[in-house]
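Residue numbers (my numbering), protein chains in the order written: chain A, 404 to 706; chain B, 404 to 706; chain C, 404 to 706; chain D, 404 to 706.
There are 4 protein chains.
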Amino acid sequence: MAAEPNNWGRFGPDDQRGTLNLLTPEVVLRALAAATTGRVLSLAMPIRGATSSAAPHSVPHLRGRPLPQHFMSVDGADYAAGARAIGAGLRVADDALIVTPHGTTTHMDALCHMWAGDELYNGHPAARVRSYGAARCGIERAGGVVARGVLFDVPRHLGLDHLPAGFRIGPELLEEIAPEVRPGDVAVIRTGWPLVWERSREEYWSGQPGLSAGAGRWLAGRDVAMVAADNAAVGGLNAGQLADEDAEDDLHLILLWRHGIHLAEMLWLEELAAAGRSEFVFVAAPLRIEGGTGSPINPLAIL
Amino acid sequence: MAAEPNNWGRFGPDDQRGTLNLLTPEVVLRALAAATTGRVLSLAMPIRGATSSAAPHSVPHLRGRPLPQHFMSVDGADYAAGARAIGAGLRVADDALIVTPHGTTTHMDALCHMWAGDELYNGHPAARVRSYGAARCGIERAGGVVARGVLFDVPRHLGLDHLPAGFRIGPELLEEIAPEVRPGDVAVIRTGWPLVWERSREEYWSGQPGLSAGAGRWLAGRDVAMVAADNAAVGGLNAGQLADEDAEDDLHLILLWRHGIHLAEMLWLEELAAAGRSEFVFVAAPLRIEGGTGSPINPLAIL
Amino acid sequence: MAAEPNNWGRFGPDDQRGTLNLLTPEVVLRALAAATTGRVLSLAMPIRGATSSAAPHSVPHLRGRPLPQHFMSVDGADYAAGARAIGAGLRVADDALIVTPHGTTTHMDALCHMWAGDELYNGHPAARVRSYGAARCGIERAGGVVARGVLFDVPRHLGLDHLPAGFRIGPELLEEIAPEVRPGDVAVIRTGWPLVWERSREEYWSGQPGLSAGAGRWLAGRDVAMVAADNAAVGGLNAGQLADEDAEDDLHLILLWRHGIHLAEMLWLEELAAAGRSEFVFVAAPLRIEGGTGSPINPLAIL
Amino acid sequence: MAAEPNNWGRFGPDDQRGTLNLLTPEVVLRALAAATTGRVLSLAMPIRGATSSAAPHSVPHLRGRPLPQHFMSVDGADYAAGARAIGAGLRVADDALIVTPHGTTTHMDALCHMWAGDELYNGHPAARVRSYGAARCGIERAGGVVARGVLFDVPRHLGLDHLPAGFRIGPELLEEIAPEVRPGDVAVIRTGWPLVWERSREEYWSGQPGLSAGAGRWLAGRDVAMVAADNAAVGGLNAGQLADEDAEDDLHLILLWRHGIHLAEMLWLEELAAAGRSEFVFVAAPLRIEGGTGSPINPLAIL
């Protein structure tokens, strides 16, 4: 179940409670049973923000997005250079992070991230999403996710290292791979596309494989709680880094907007795929950024 | 167990593997058994970064620290004002977060966060912690935490709403409250101090209750995997917002530096305390910020 | 005159050309004659952004505003700690600045900074000021300012170190001090209020002296090109750090909005006051931040 | 002359006073005589930080550098969407800028920006340049620059639109173009390289023309106060965006480090070149960023 909002500050009667509402305590408890070995894997890419180096550019990202920046405000080198210790001899390293999660790192989308017309998911007015944050459907409403994860390893199923850029995963493939997916599960979609990055950034940016509209509808019909993919947009992208589908068939609109199904993108699924486990406990704990359109996350798989 | 580092980029032979090494798969599996109802609670304070308002100041923080900043780069108001939709009618909200976790929000410390002399935990050279990040003991080495959480609700044990600022929790109190704590557990320490914030910021800043050096040694002797507290520094603070202890007795030096026990601070434990559960599954998934001194987190308790 | 916009990018027919249009080449040339000794003074406060210290808090600012942050991404300490030089032995220090100019440092306001109703200065639609910047009246339209500066040293005129918090400067005082102010001049208003900061921050925040509405109208009637003050808002502030005036009498609305007179705030005028010169060349060169609501500046007085 | 440091805060006996010490009041006064028409030109490129768009990438910059980010924290669209006005009806737009000046925008280098060995210019210890800023030779020491500018329009002299990437300007060319340059002048070097950007970013990044070591020595021998160029590094760059010269001949080491001559880079000189004026008043007012390695600037030419 989604973490219950705590009673911090303005939290009280909470119209967002139902967001991840398939995740009832019973579902959570049943999900935990999917752990059989206790091995824990991180499904996140690193956040590299070493600003005066090429490091931030070495992690897969959509072209043109502002990459993470990470700064030390005091560090070990400062002490090596003569900075004085605090009080009785303590030395401290402190830092700051600047991050725009969409398109740059492993993250989870809030329900306010995308919509059509004037209303967000569930009729909330889009005009309440303003410069100072989303007063509706912000990421702080999502709560933590503890659910059964079901891996759809599409390239493995097809005998490929990764799907080609133009590949759109149809519902029949999902049906073949994991017919047992059920309400409240997190559907984890592997395309293998991040593997392309090491070979060629230009190829990575040439397009991306992803779910077809039919697959999105198939997942929505199964009442999954969340879709988490290793590509950048759950659906596919063209060479302009945009979705090809029209509004009717756009994956974000189908899943996030029409059905209130949270999305996570840019996961790193290679160790998970290698582990050969199709079911596991999936945990994601988005930062409680009030009014945020998403959050960087470090999703965990408990095998 | 700590999430195994994935093989992303330079990851390979990893000298930090042992960091949270009490968290073996067996310990993780046993920890999951602590979940009995499946209710999930967030143990995080909100991150409020609405920069042109007083909101960031409304969340407990150490005086003088740079507060989170959160900006929308495009939002619903822009569309209300006439911004054009993307392609077939998609509207999108996008944002950026600037965060300095220590002292401002719920976070986890990396092992590089504090030390004395020229060496970090386990002899790593402190001079490798530089402006472009910590090449040793950064937060990306910690991995995710899935463990049994044991709540030390000290004020409740003493019949208080919260501990007074000058209170230092001794080992005998911990022994009284939860003698059953064992290797690999996360010790969750409640002081109730965040409750003071609503009453008076000046009182919040007048000092903070925390663990005594003896209590730190008691926990280290029990081989806990992590100590997570609702105060700002695990140990207590004086009116100058500094620790009173000398280097021998400093809590960060005892736990983080000498024993490699990760710390989490500024948790929000009120719902957990109200739930009346002393054991549960504790999950924390720090962002994989390469070279980071810590990470904002949204810790989860699965009851 | 305002610097002519260069032909960079979209610049072309420019509806803002007239913004500082009293500053014709003739006026600029005449202004330069105000320099008699060639001594140059900076009228800016320092920007202190050393994030892990109290330094940012040591510079006058409005309470609650996000203070500047300044980070080194590589520095001398890194080399002292063993970082490798570039190529043939070069060592480099590089950095980043995060700055919100209003209320935190010496800055100049763009014409889009404040308005009433739905229109900016000169009828530009306020709805064009969006999350991605002001498409109308941004600071990049202002151009550089080279003008005659006329100092209104009000406390000196009254035999005071600084004006009291509740003092509102009336038009008759301006008339007494510098009746010779003329079209195209920059009126430099000294209240002395920054001197209070060193004595007591609480006193600094208790209110601020400033121009009365009548004084604003007097200056507008004289067709000054700009008003530059050492207080935070040109007009006075109450203990809530807000203007007391209604919309009719608000100084920003009178000067910036109704008359298109640029404002600069939070100047440091003490050396200028000590120099005893009432006329000089005033230069301000706001950064060409496209769509910016203002810019930090380092105004110069050439005596 | 350089602006005299004001007596703000720690400023007092100032070992950096001599930095721009050729700029005595007499030199400033003489420089002002170079203005004959009063026309004012900005020599800066725009700062484009509209983060959710391609705009930041549309301005010339070195590949891989973190581009400016500009965020509105409240804006006109928010009011269009229903945000409430302040008090008596004021509406306000407020914003923040994140900027790393080197390689991304028109800026001025501090004397701490580059060095070899363990000492900065004039023997200052490089180890004092730390994560929290440069305690020696920071940009706040430079002061404002008011000087005679002398334009070296090299491509025009050679009948070219712009110099080719591999071109290194020799001293004899400078001697031919402006033999009259004298102590305290600002040498403004036009290569025309920014014109290449519009044609092809890849070509812009393929290298850059610049001064030869001999030209740097020629300028240093003439005791200029500053060298300001429209390329990214005053000297030339190879395809790796690095200088080809060894430490003996590196332009930054010759000018900035050995002679304490400030540098400004990435200027936009096309309108100035078109104006056909070889002498003018040059003004640059770097922000007083304490400990900064440089500052974004909007240099002005008063013709």
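Where is the CB? At the ideal position from N, CA and C, for every residue including glycine.
Using the DSSP secondary-structure output, state which residues sit across from residue i in a beta bridge.
| i | result |
| --- | --- |
| D:Gly472 | As written in the sequence, residue 472 of chain D is Gln, which differs from the Gly given in the question. Paired residue(s): D:Ile501. |
| D:Gln644 | In the DSSP output, where bridge partners are listed per residue, D:Gln644 has none listed. |
| A:Glu682 | A:Val553 |
| A:His560 | Paired residues: none, contrary to the question. |
| A:Gly707 | An answer regarding residue 707 of chain A cannot be provided, because it is not within the stretch 404 to 706 covered by chain A. |
| C:Pro528 | C:Glu522 |
Measure from the C-beta of residue i to each C-beta in chain C and report whether the shortest distance is under 8 angstroms.
| i | result |
| --- | --- |
| A:Ala499 | yes |
| B:His510 | no |
| D:Ala379 | Past the boundaries of the shown model lies residue 379 of chain D; chain D is included only from 404 to 706, so the question cannot be answered. |
| D:Asp649 | yes |
| D:Pro574 | no |
When the Cα atoms are used, what is the spatial distance from residue i to residue j?
| i | j | result |
| --- | --- | --- |
| B:Ala480 | D:Met448 | 30 angstroms |
| D:Asp649 | D:Ile592 | 22 angstroms |
| D:Ala496 | C:Asp588 | 26 angstroms |
| C:Ala636 | B:Ser445 | 42 angstroms |
| C:Leu563 | C:Leu670 | 19 angstroms |
| B:Ala529 | A:Ala483 | 8 angstroms |
| C:Ser456 | C:Val477 | 19 angstroms |
| D:Arg451 | D:Cys540 | 29 angstroms |
| D:Ala646 | D:Phe555 | 21 angstroms |
| A:Leu706 | D:Pro699 | 51 angstroms |
| D:Glu674 | A:Ala618 | 56 angstroms |
| B:Tyr524 | B:His516 | 10 angstroms |
| B:Ala568 | C:Leu703 | 49 angstroms |
| B:Gly679 | A:Ala687 | 25 angstroms |
| B:Ile542 | B:Ser534 | 15 angstroms |
| C:Glu682 | C:His505 | 27 angstroms |
| A:Ala616 | A:Ile657 | 8 angstroms |
List the residues of chain A that residue i touches, going by C-beta distances under 8 angstroms, in chain order.
| i | result |
| --- | --- |
| D:Gly481 | Per the sequence shown, the amino acid found at residue 481 of chain D is Asp instead of Gly. In chain order: Arg533, Ser534, Tyr535. |
Name the chain B residues whose beta carbon is nearer than 7 angstroms to that of residue i?
| i | result |
| --- | --- |
| D:Val477 | Ser455 |
| A:Ala626 | Strictly speaking, residue 626 of chain A in this sequence is Asp, with Ala absent from that position. None at all; the shortest Cβ gap to chain B is about 18 angstroms. |
Could you tell me whether any Cβ in chain A is nearer than 8 angstroms to the Cβ of residue i?
| i | result |
| --- | --- |
| C:Ala484 | yes |
| B:Ile450 | yes |
| B:Ala580 | In the sequence as displayed, the identity of residue 580 of chain B is Ile instead of Ala. Cβ-Cβ to chain A under 8 angstroms: no for B:Ile580. |
| B:Ala519 | yes |
Is there a Cβ from chain B that is less than 8 angstroms from the Cβ of residue i?
| i | result |
| --- | --- |
| A:Ile657 | no |
| A:Asp588 | no |
| A:Pro612 | no |
| D:Gly412 | The predicted position of D:Gly412 is uncertain, since its pLDDT is 40 and thus under 50; no value can be drawn from it. |
For residue i, which residues in chain C fall below 8 angstroms Cβ to Cβ?
| i | result |
| --- | --- |
| B:His527 | Result: empty, since nearest Cβ-Cβ is about 13 angstroms, beyond 8 angstroms. |
Which residues in chain D have a C-beta closer than 8 angstroms to the C-beta of residue i? List them in chain order.
| i | result |
| --- | --- |
| A:Thr503 | Thr454 |
Taking 8 angstroms as the threshold (beta carbon to beta carbon), is residue i in contact with chain D?
| i | result |
| --- | --- |
| C:His516 | yes |
| C:Glu606 | no |
| C:Val686 | yes |
Below 9 angstroms on C-beta distance, what does residue i contact in chain B?
| i | result |
| --- | --- |
| A:Leu654 | None at all; the shortest Cβ gap to chain B is about 11 angstroms. |
Strictly below 7 angstroms CB to CB, what residues from chain C border residue i?
| i | result |
| --- | --- |
| B:His460 | Gly467 |
| D:Leu435 | Leu435, Ala438 |
Residues of chain A with a CB under 7 angstroms from the CB of residue i: which are they?
| i | result |
| --- | --- |
| D:Ala530 | Ala484, Gly485 |
| B:Ala496 | Cys515, His516, Val532, Ala537, Thr696 |
| B:Ile705 | Val431, Val549 |
Using a Cβ-Cβ cut-off of less than 7 angstroms, list which residues of the region 538-572 of chain B approach chain C; keep chain order. If the cut-off is 7 angstroms between Cβ atoms, the region 538-572 of chain B has nothing near chain C.
If the cut-off is 8 angstroms on Cβ atoms, which residues from the region 465-476 of chain A count as contacting chain C, listed in chain order? Gln472, Phe474, Met475, Ser476
Listed from N- to C-terminal order along the chain, which residues in the region 689-700 of chain D have their beta-carbon within a distance smaller than 9 angstroms of any beta-carbon of chain C? Hits within the stretch, in order: Pro689, Leu690, Arg691, Ile692, Glu693, Gly694, Gly695, Thr696, Gly697, Ser698, Pro699, Ile700.
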